[in-house]
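Going by the working numbering, the sequence shown wraps up at 303, each residue one higher than the last.
This report concerns only the one structure given below.
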Amino acid sequence: MTPQDLKTIISSGLLSFPVTDFDAQGNFNAASYASRLEWLAPYGASALFAAGGTGEFFSLEPKEYTDIVRTAVDTCRGKVPIIAGAGGPTRVAIAYAQEAERLGAHGVLLLPHYLTEASPEGIADHVEAVCRSVKFGVIVYNRAVCRLNATQLARLAERCPNLIGYKDGLGDIELMVSIRRKLGDRFAYLGGLPTAEVYAAAYRALGVPVYSSAVFNFIPKTAMDFYHAVANNDEATVGRLLDTFFLPYLEIRNRKQGYAVSIVKAGAKLVGHDAGPVRAPLTDLTEEECGMLARLIDRAGAQ
1 MTPQDLKTII SSGLLSFPVT DFDAQGNFNA ASYASRLEWL APYGASALFA
51 AGGTGEFFSL EPKEYTDIVR TAVDTCRGKV PIIAGAGGPT RVAIAYAQEA
101 ERLGAHGVLL LPHYLTEASP EGIADHVEAV CRSVKFGVIV YNRAVCRLNA
151 TQLARLAERC PNLIGYKDGL GDIELMVSIR RKLGDRFAYL GGLPTAEVYA
201 AAYRALGVPV YSSAVFNFIP KTAMDFYHAV ANNDEATVGR LLDTFFLPYL
251 EIRNRKQGYA VSIVKAGAKL VGHDAGPVRA PLTDLTEEEC GMLARLIDRA
301 GAQ
């Protein structure tokens, strides 16, 4: 798959980040993860992100990363493309990207570097170094300490032909509009704010029709129904699902920092696809919060 092939694939449809399965001792559970991917693949996501943010990339060891990406590629071969997460310090991000390419992933989502603030020029150098280290497609994730503007992205687009996607996790409308206007169709544009469904209609109006869904992990049919409702301007369905599921869901998610991942793992367990606990420093939902989520899932109906 060429970078342009990947760009075409991710320019439409729904994307999702499968959670990473851990056993009771917190170790990667390859068999459970493969079963999860086999369950999710037929629902129609355009691509799946292995070892991404919802997959707890930030807590993985290098060998685990290899095992996770290999399992995803082998399980989904011929079914759905796999995009791997990559991130951390520049040389570490390069190593992850090259490993994902070696394992047969179709591209990488370049997650923000860790902890330290950096100048836009330094961040651009970081992105360029990763792009130049691989041949497959790279999607840059503007979020947290990674904040590139339209001019910097245009320069990167000229220098890095395999930089084919831009994912926005900042929610800065002025910045998003300026990027979309300056870069035009050079990138595939993805909405990446946590619980992206809440922002989906607004981002579609900005020229960002594609987003990644975390709830696809446990209510895949509802996630697809919502995506199609947004795509078809079905405001009645969008409004109903926002009112009955997504806004109450946010009330639970917003109770603690890190719950954007924890609540997804809780949901997967409630629907019979347990992925195990989250790893520290994240914390799992309380029993009360799991009960609240269970009632929302019941309201969403059969999947």
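Here a beta-carbon is modelled for each residue, glycine too, at the ideal position from N, C-alpha and C.
Since the model is a prediction, treat every value here as computed from it, not as a measurement.
Of the listed residues Ser133, Gly78, Asp172, nearest to alanine 86 (C-alpha basis): Closest in alpha carbon position to alanine 86, among Ser133, Gly78, Asp172, is Ser133.
Beta-carbon within less than 6 Å of glutamate 101's beta-carbon, same chain only, minus the 5 sequence neighbours each way: which residues are those? Same-chain partners within the cutoff: Val134, Phe136.
Taking the beta carbon of arginine 240 as the centre, do at least 16 other beta carbons fall within 10 Å, making it buried, or is it exposed? The residue in question, arginine 240, is exposed, as its Cβ has fewer than 16 Cβ neighbours within 10 Å.
In chain order, what residues of the same chain have a beta carbon less than 7 Å from the beta carbon of leucine 110, not counting five sequence neighbours either side? Excluding residues within five positions, the ones whose Cβ falls inside 7 Å are Ala86, Gly87, Ala93, Val127, Val130, Val138, Ile139, Val140, Tyr141.
Excluding the 5 residues preceding and the 5 following proline 220 in the sequence, name in chain order all residues of the same chain whose CB lies nearer than 7 Å to its CB. Excluding sequence neighbours, proline 220 sits near Leu40, Tyr43, Gln303.
For leucine 48, report the span of its beta strand (DSSP E) as first-last. Unbroken beta strand (DSSP E) run through leucine 48: 47-50.
Could I get the ranges of all uninterrupted alpha helix (DSSP H) runs contained in the stretch 43-111, with 4 residues as the minimum, in chain order? Correct list: 62-76, 90-103.
From what residue to what residue does the alpha helix (DSSP H) around valine 127 run? Here the alpha helix (DSSP H) through valine 127 covers 120-132.
If contacts are defined as beta-carbon pairs under 8 Å, then arginine 186 and alanine 229 qualify, I think. What distance do you get, rounded to the angstrom? In fact, because the Cβ distance is near 29 Å, the residues do not count as touching under 8 Å.
Threonine 71 vs tyrosine 33 beta-carbon contact at 7 Å: In this structure, tyrosine 33 lies closer than 7 Å to threonine 71 by Cβ.
Is the stretch 144-151 touching the stretch 44-64 in the sense that three or more CB pairs, one from each, lie closer than 8 Å? No: the two stretches stay apart, fewer than three of their Cβ pairs being nearer than 8 Å.
Determine the burial state of isoleucine 123: buried for a count of at least 16 other Cβ atoms within 10 Å of its Cβ, exposed for fewer. Sixteen is the threshold: when 16 or more other Cβ atoms of the shown chains lie within 10 Å of the Cβ of isoleucine 123, as they do, the residue is buried.
With aspartate 168 as the anchor, note down where its beta strand (DSSP E) starts and where it stops. Here the beta strand (DSSP E) through aspartate 168 covers 163-168.
Since alanine 188 is in the beta strand (DSSP E), which residue starts that stretch and which ends it? 188-191 is the extent of the beta strand (DSSP E) around alanine 188.
Within 10 angstroms of its Cβ, does serine 213 collect 16 or more other Cβ (buried), or is it exposed? By the 10 Å Cβ count, serine 213 comes out buried.
Taking DSSP as the reference, what is the three-state secondary structure of valine 177? Look at valine 177 here: in three-state DSSP terms it is helix.
Per DSSP, what are the beta-bridge partners of tyrosine 141 in this structure? DSSP lists Lys167 as partners of tyrosine 141.
Selected residue, minimal CA-CA separation from aspartate 74, among Pro120, Ala31, Ala236: Ranking the options by Cα distance to aspartate 74, first place goes to Ala31.
Give me whichever residues DSSP pairs with cysteine 160 in a beta bridge. The partner list for cysteine 160 (beta bridge, DSSP) is empty, contrary to what the question assumes.
Apart from the five residues just before and just after alanine 196, which ones in its own chain have a Cβ nearer than 7 Å to its Cβ? Correct list, in chain order: Tyr211, Ser212, Ser213.
Would you kindly work out how many angstroms separate the C-alpha atoms of alanine 268 and alanine 294, rounded to a whole number? Distance between the alpha carbons of alanine 268 and alanine 294: 10 Å.
Give me the DSSP bridge partner(s) of valine 210. In the DSSP assignment, the residues bridged to valine 210 are Leu190.
With burial defined as no fewer than 16 other Cβ atoms inside 10 Å of the residue's Cβ, what is the status of alanine 236: buried or exposed? Counting Cβ neighbours within 10 Å, alanine 236 comes out exposed, since fewer than 16 surround it.
Candidates Leu48, Thr54, Pro89: closest to glycine 78 by CA position: For glycine 78, the closest C-alpha among the options Leu48, Thr54, Pro89 is that of Leu48.
Residue burial classification, proline 209 (beta-carbon count within 10 angstroms, cutoff 16): It is buried - the Cβ of proline 209 has at least 16 other Cβ atoms within 10 Å.
May I ask you to report which of helix, strand or coil DSSP gives phenylalanine 28? Here phenylalanine 28 sits in strand by DSSP.
Compute the Euclidean distance between the alpha carbons of threonine 222 and asparagine 233, then round it to the nearest angstrom. Cα-Cα distance, rounded: 16 Å.
Is phenylalanine 216 near the ligand ADP - that is, is its Cβ less than 6 Å away from at least one heavy atom of it? This structure simply doesn't include the ligand ADP, nor any ligand for that matter.
By the 10 Å Cβ neighbour count, where 16 or more other Cβ atoms means buried, how is asparagine 162 classified, buried or exposed? Counting of Cβ neighbours within 10 angstroms places asparagine 162 among the buried residues, the total reaching 16 or more.
For valine 15, name the three-state secondary structure that DSSP assigns. Residue identity check: residue 15 is leucine in the sequence provided, not valine. Strand.
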